[in-house]
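J.: For reference, the structure I am asking about is given below.
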Amino acid sequence: MKKLNIFLLLILLSTIFFSGCSSKKVHMKAIKPAIVDALTNKRIVSVAKFKGDKNNLSSTVETKLSSLSIKNKKYFTVPNRSELNKIIKEQKLQSSDLYNSKKAVKIGNLVGAQATIVGTVNSSGKNSSYYEIRQRCVSRYKNGKCARIQKYRVKCDTTTAGITANLNIVDVQTGSSLYAQTITKNYNADSCKDGYLVYSNRKIPSSAQALSAMSIQIAEEFVSLLAPSYVYFSVELIEDIDSVDVSSKQEDSFENALKYIENNRLSRAEEIFDRLNGQLNESSYEVAYNLGLVKQSLGKYEEAKSLFVLSDRIIGEPNKLIDSAILNINKLLLQKEAALNQLKE
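If you count the sequence shown from 1, you need to add 18 to reach our numbering.
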């Protein structure tokens, strides 16, 4: 009983310790520019049927492009691919022929596209099985030791699959390649080695299922490079005012602002920190820093930068949180400018 009480006490102390170590954070959402800006000024994009595409990769890319929205507005206009394939058939062309500049211009103009995505896909998959010999105890002595061991066979299923997509964005006006990328995905699974229970109904994916899933991954990876996107992250807040003397009322206001942030009421937290910053004559780096984070989270980057610079001047020495905030806001300002330029019609 004494050992049990000590054990429970240790658990309680460790829980208190780790709870005390957790820090409050404010959640951020920021826009970043497209990694590949080849389609910034070419938003009407068609997708041809890829050569060797047995897993609907081309239609998945088309769907991802069609559904991609930034600020509640579709980023790309995608002509109907069935119409594109119809024209290709009428012109007696193959998808691979679109790498030819003249044919790319001809087909693209016919469907009204500014750019066309073409590609080739190579995929393979295999499902197989083998047997393992295992053993189990079928009877025991009174003391619990095994009296008789029985050997038995277990069927193990395996899946291997691989897919490589060579994707190319062609400018239909010039026939030149705007961007090309090769993406490869592989999958291997063994029901006896990957944590699957032999006697459960849970089965490893078949090669067809694996190839389908990897095709979706390739489409998502490729399309994510072509347009601005949002990133989400969290930044640590300062939880106490130690640099200046404050009244109990001001301390309560500081704590309330932190609680409002936890409850995602950022505008209310901004109001409180703003008032505190004025009451303290901009003398608290903690208030300035936290207010800067709230402004940043609300998308007010220039105001946030001014507050981070203010907090840096107040503290007068290197501070990991403040230094990181200044570097980050400068990066976000550049990314925002680049993304907004890409979003211009």
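All C-beta atoms, glycine included, are put in the ideal place defined by N, C-alpha and C.
If you check the beta carbons only, do GLY70 and VAL136 fall under 8 Å apart?
T.: No, the pair does not count as a contact, with Cβ atoms beyond the cut-off.
J.: Which stretch, first to last residue, makes up the alpha helix (DSSP H) that contains PHE291?
T.: Per DSSP, PHE291 belongs to the alpha helix (DSSP H) from 284-297.
J.: DSSP puts CYS164 in a beta bridge; with which residues?
T.: Beta-bridge pairing links CYS164 to ARG158.
J.: Quick check on ASP175: does DSSP put it in helix, strand or coil?
T.: Here ASP175 sits in strand by DSSP.
J.: With contact counted as at least three CB pairs below 8 Å, one residue from each stretch, are the stretch 157-165 and the stretch 233-246 in contact?
T.: The stretch 157-165 vs the stretch 233-246: no contact.
J.: Just the C-alpha distance for VAL79 and SER146, rounded to the nearest angstrom, thanks.
T.: Using only the alpha carbons, I get a separation of about 30 Å.
J.: Once you ignore the five residues that flank LEU27 on each side, which residues in its own chain have a CB closer than 6 Å to its CB?
T.: Only weak support is given to the placement of LEU27: the predicted model assigns it a pLDDT of 44, under 50, and the value that follows is read from those uncertain coordinates. None.
J.: Quick check: the Cα distance between ASN367 and GLY143, rounded to an integer number of angstroms?
T.: The structure shown does not extend to residue 367, since the chain is modelled only from 19 through 363, so no value can be given for it.
J.: Comparing C-alpha positions only, which one of LEU196, GLN199, GLN227 and SER195 sits nearest to ALA207?
T.: Residue GLN227 is the option with its Cα nearest to ALA207.
J.: Can you name, in chain order, every residue of its own chain whose Cβ lies under 7 Å from the Cβ of TYR319, other than the five neighbours on each side?
T.: So the list reads ILE347, LEU350, LEU351 and LYS354, once near-sequence residues are dropped.
J.: Can you give me the Cβ contacts of SER302 inside the same chain, cut-off strictly under 8 Å, excluding the 5 residues immediately before and after it?
T.: So the qualifying residues of the chain are ILE259, SER261, VAL262, VAL264, LEU294, ASN295 and ILE332.
J.: In three-state DSSP terms, what is TYR217?
T.: Note that TYR217 scores 48 on pLDDT, short of 50, meaning its location in the model is unreliable and no value can be drawn from it.
J.: Starting from ILE234 and walking both ways along the alpha helix (DSSP H), at which residues does that stretch end?
T.: Per DSSP, ILE234 belongs to the alpha helix (DSSP H) from 225-242.
J.: Give the DSSP-derived three-state secondary structure of TYR93 in the structure shown.
T.: It is coil, neither helix nor strand.
J.: Go ahead and label LEU325 buried or exposed: buried means 16 or more other beta carbons lie within 10 angstroms of its beta carbon, across all protein chains shown.
T.: Burial call: buried.
J.: Just tell me which of ALA66, LEU75 and VAL188 has its CA closest to the CA of ALA56.
T.: Ranking the options by Cα distance to ALA56, first place goes to VAL188.
J.: In whole angstroms, give me the CA-to-CA distance for LYS21 and LYS42.
T.: Its pLDDT being 46, under 50, LYS21 is placed unreliably in this model, and the value from its coordinates should be taken loosely. Approximately 35 Å between the Cα atoms of the pair.
J.: Beta carbon of SER209, beta carbon of CYS174: below 8 Å?
T.: For SER209 and CYS174, yes; Cβs fall inside 8 Å.
J.: Which class does GLY310 belong to by DSSP, given the choice of helix, strand or coil?
T.: Here GLY310 sits in helix by DSSP.
J.: Can you give me the C-alpha to C-alpha distance between PHE68 and GLN199, rounded to a whole angstrom?
T.: Between PHE68 and GLN199, the C-alpha separation is close to 14 Å.
J.: Check for me: the beta strand (DSSP E) holding GLN199 runs from which residue to which?
T.: Here the beta strand (DSSP E) through GLN199 covers 195-208.
J.: Let me know if VAL249 comes out buried or exposed under the rule of 16 or more other beta-carbons within 10 Å of its beta-carbon.
T.: With fewer than 16 Cβ atoms within 10 Å of its Cβ, VAL249 is classed as exposed.
J.: Once DSSP output is grouped into helix, strand and coil, what is the label at LYS43?
T.: Strand, per DSSP.
J.: Does DSSP put PHE68 in a helix, in a strand, or in coil?
T.: Coil.
J.: State buried or exposed for CYS39, treating a residue as buried only when at least 16 other CB atoms are found within 10 Å of its CB.
T.: With a pLDDT of 42 at CYS39, under the threshold of 50, the modelled position of this residue cannot be trusted, and the question is left open.
J.: Locate the beta strand (DSSP E) running through VAL253, then write down its first and last residues.
T.: Unbroken beta strand (DSSP E) run through VAL253: 247-254.
J.: Mind checking LYS338: buried by the 16 CB within 10 Å criterion, or exposed?
T.: Classification of LYS338: exposed, given that the 10 Å Cβ count is below 16.
J.: Tell me, please, which residues DSSP counts as bridged to ALA183.
T.: Answer by DSSP bridge pairing, in chain order: VAL139 and ILE201.
J.: Count the other C-beta atoms from every protein chain shown that fall within 10 angstroms of the C-beta of ILE151, then say buried if there are 16 or more, exposed otherwise.
T.: Exposed is the call here.
J.: Apply the 10 Å Cβ neighbour rule to LEU406 and answer buried if 16 or more other Cβ atoms are within range, or exposed otherwise.
T.: Residue 406 lies beyond the stretch modelled for the chain, which goes from 19 to 363, so this question has no answer here.
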